[in-house]
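Let me begin by presenting the structure, written as structure tokens, before commenting on it.
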DNA sequence: GCCGTTTTCGGCCCGACTGTTTTCAGTCG
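Residue numbers (the working numbering): 125 to 705.
Here it is in structure tokens:
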């Protein structure tokens, strides 16, 4: 799908235009880039079927952008984009990752200091060049440096949910090859870590050469590092490294286990094997025979299940293999029965075009039904978040009438789906809510969110959120720590104190499934599980395609040892509602 | 550059915060 590439070109045009101080056009390009980026259908297909006219039917696309899309389809580039880029030859991808660096700043830095790349920026910062610029000072320089440091720490890692579609696509393609008998994606992808460094694909094949040839010649390959019979390694255009390995049938389980990790988990398994007088490697579990020249006796390794069983353990799900007590739990028959990937019945955070969502309530409902859900809560933003056109007292009541109308329609048609009334209500500076209690009391589900003042002291931020939790109508704290992976650290807040207070007030904490939020993170999920604090897994959908993100929230819950009993939207609507304040 | 229950031109939703200034530009959500 060329949508992603096209979407980036259009968004880049918007940024370049913004640098030039052009009015309104930037937003038009930015918006259309967003829309195309989250489109269901391949733009290529739309163009093939209906030409320019069909392109213009895409929301946000007029004649001018339609022509640019056409040009992109025909030539793979957009001249207008090339021209703009020539005028301002900076590495936007790199520089824009720094929090606080917008188009205008990037422009100034280029014009005054010839900064094009992250490396240029770091050099200038360390040489104290930034603070000398007009309009900049020591603080600006310090903030940029902090941004660079943060970026380095997250160091080239990819957000799982953002690269997963591409990995799955490659997996599906390889799976279809007649020479491939079995295939698995191993490594941190299989453990479902929130970010991954690379992807390891394992296969069984009697005739691997054609598979390898196919693999290194895929259209999204940018570089080939290795191209052999048992191992090939490539870099994709999006920067992700992918390895493909061919494994022998009899040791596939052992190899899958080895390549899935985590490293520490593997070490623990090997130690267990040694205790029993055996030896574990990626080739299998062996009886280590004394004496030279004797062949080691193969004990297990065809499947992972067999391997764990021989070691006297229950099978351990990949998401648990992080050395957080899973070895002991497995031996004691005390592993959790993790919530399943089909385990959700509802979604408690959904935005619509009443605020900053892309689709109507009805469209979101239709998509939710398709995603297999039984209910959703409409939780549009509230008035403080003005840019989203947040709902005030009047508009939210209007929305309720619309929801009633939709639910009534389901009643008539005999559809069991339920739309619930909710809000993603801003928590104000002092911990009070952006909507009055009499409105909140009439919502089915009240979510509370921090969207401002990320830099309060740890104490003030914690008190602020605790005050919101003490509101008798606040059911859930949405994305409790506010982090954005690869972009922004969590605000200073005492999460353990929030967990304690959640228990005391009966407040639910959210696992936000949006890929770069994944908030709460796994270790806090486990603390909630241990403390008996209930959680919800919500997509935070802003368009009909975002329900697919729920799986990443489920991953996060599983990595935190959560079972069905811990996740309130794994329950039927009635039971879920009864649990709330 | 897009859009239209303001319909083919004239709008395009804003407010808080920061760091720099001494009245404001840039960024964020």
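In this text, a Cβ means the ideal position worked out from N, Cα and C, and glycines have one as well.
Quick caveat: nothing in here was measured; it's all calculated off a predicted structure.
Could you please give the first and the last residue of the uninterrupted beta strand (DSSP E) stretch that includes residue 411?
In the DSSP assignment, residue 411 falls within the unbroken beta strand (DSSP E) covering 408 to 411.
Within the same chain, show all residues whose beta-carbon is closer than 6 Å to that of residue 98, passing over the 5 residues directly before and after it, in chain order.
Past the edges of the chain, shown from 125 to 705, lies residue 98, and the structure says nothing about it.
Quick one: which unbroken alpha helix (DSSP H) runs of 4-plus residues sit fully inside the segment 475 to 534? Chain order, please.
Listed in chain order, the complete alpha helix (DSSP H) runs (minimum 4 residues) inside the segment 475 to 534 are 485 to 494.
Does residue 594 come out as helix, strand or coil in the three-state DSSP assignment?
Residue state, collapsed to three classes: helix.
With H, G and I counted as helix, E and B as strand and the rest as coil, what does DSSP make of residue 572?
strand
Please go through the segment 260 to 302 and give each complete alpha helix (DSSP H) segment of 4 or more residues, from N-terminal end onward.
262 to 278 and 284 to 299
Indicate the three-state DSSP secondary structure (helix, strand or coil) for residue 308 in the structure shown.
Three-state result, residue 308: strand.
Apart from the five residues on each side of it in sequence, which residues of its chain come closer than 6 Å, Cβ to Cβ, to residue 612?
223
With DSSP as the reference, label residue 395 as helix, strand or coil.
helix
Under three-state DSSP, which class holds residue 440?
coil
Can you give me the C-alpha to C-alpha distance between residue 270 and residue 214, rounded to a whole angstrom?
Each residue's Cα considered, the two are about 21 Å apart.
So, is residue 660 buried or exposed, given that buried needs 16 or more other C-beta atoms within 10 angstroms?
buried
Return the first residue and the last residue of the beta strand (DSSP E) that residue 241 is part of.
No residue range can be given for residue 241, since it is assigned to no beta strand (DSSP E) and is classified by DSSP as neither H nor E.
Looking at the unbroken alpha helix (DSSP H) that takes in residue 355, where does it start and where does it end?
First-last for residue 355: 355 to 360, but that is the beta strand (DSSP E), not the alpha helix (DSSP H).
Across which residues does DSSP place residue 323 in a beta bridge pair?
366
If we ignore side chains and look at the alpha-carbon of each, how far apart do residue 644 and residue 609 end up?
Straight across, the Cα-Cα distance linking residue 644 with residue 609 is about 12 Å.
Helix, strand or coil: how does DSSP classify residue 662 here?
strand
Over what stretch of residues does the alpha helix (DSSP H) that includes residue 708 continue unbroken?
Lying outside 125 to 705, the shown extent of the chain, residue 708 is not represented and no answer is given.
Within a Cβ cutoff of 8 Å, which residues of the same chain sit near residue 335, ignoring the five residues on either side of it in sequence?
298, 301, 303, 304, 327, 329, 368 and 370
Could you pull out every residue in the same chain whose Cβ sits closer than 7 Å to the Cβ of residue 653, ignoring the five residues on either side in sequence?
684, 685, 686 and 690
Under 8 Å Cβ to Cβ from residue 340, same chain only, skipping five residues before and after it: list those, please.
Excluding positions up to five away in sequence, the list reads 348, 351, 356 and 358.
What residues in its chain sit with their C-beta under 6 Å from that of residue 702, if we drop five residues either side in the sequence?
none
Using a Cβ-Cβ cut-off of 7 Å (strictly less than) and excluding sequence neighbours within five positions of residue 282, which residues of its own chain qualify?
319, 320 and 364
Considering only the alpha carbon of each residue, which of 669, 657, 665 and 666 lies closest to residue 681?
Per the Cα distances, 657.
Give the DSSP bridge partners of residue 546, in chain order.
569
Give the DSSP-derived three-state secondary structure of residue 588 in the structure shown.
DSSP places residue 588 within a helical segment (H, G or I) once states are collapsed to three.
Kindly list the residues whose CB is nearer than 6 Å to the CB of residue 551, restricted to its own chain and excluding five residues on each side of it in sequence; keep chain order.
Apart from sequence neighbours up to five positions away, the residues of its chain that approach residue 551 with a beta-carbon distance below 6 Å are 572, 574 and 592, ordered along the chain.
Buried or exposed: residue 290, going by 16 or more other Cβ atoms within 10 Å of its Cβ?
buried
Taking the alpha carbon of residue 529 as the point to measure from, which residue in 517, 306 and 542 has its own alpha carbon closest?
542
Helix, strand or coil for residue 579, going by three-state DSSP, please let me know.
coil
Just curious, the alpha helix (DSSP H) that residue 669 is in, first and last residue?
No alpha helix (DSSP H) contains residue 669, which DSSP labels as neither H nor E.
Less than 8 Å between the beta carbons of residue 501 and residue 665, yes or no?
No, these two residues do not count as a Cβ contact at 8 Å.
Where do the ends of the beta strand (DSSP E) carrying residue 345 lie?
345 to 351
Label residue 585 either buried or exposed according to how many other C-beta atoms from any shown protein chain fall within 10 Å of its C-beta, with 16 as the threshold for buried.
buried
Measure the beta-carbon distance from residue 470 to residue 499 and round it to whole angstroms, keeping in mind my assumption that it falls under 8 Å.
Contact holds; Cβ gap of about 4 Å.
Rounded to whole angstroms, what's the CA-CA distance from residue 640 to residue 285? Just pull it up for me.
Those two C-alpha atoms are separated by around 8 Å.
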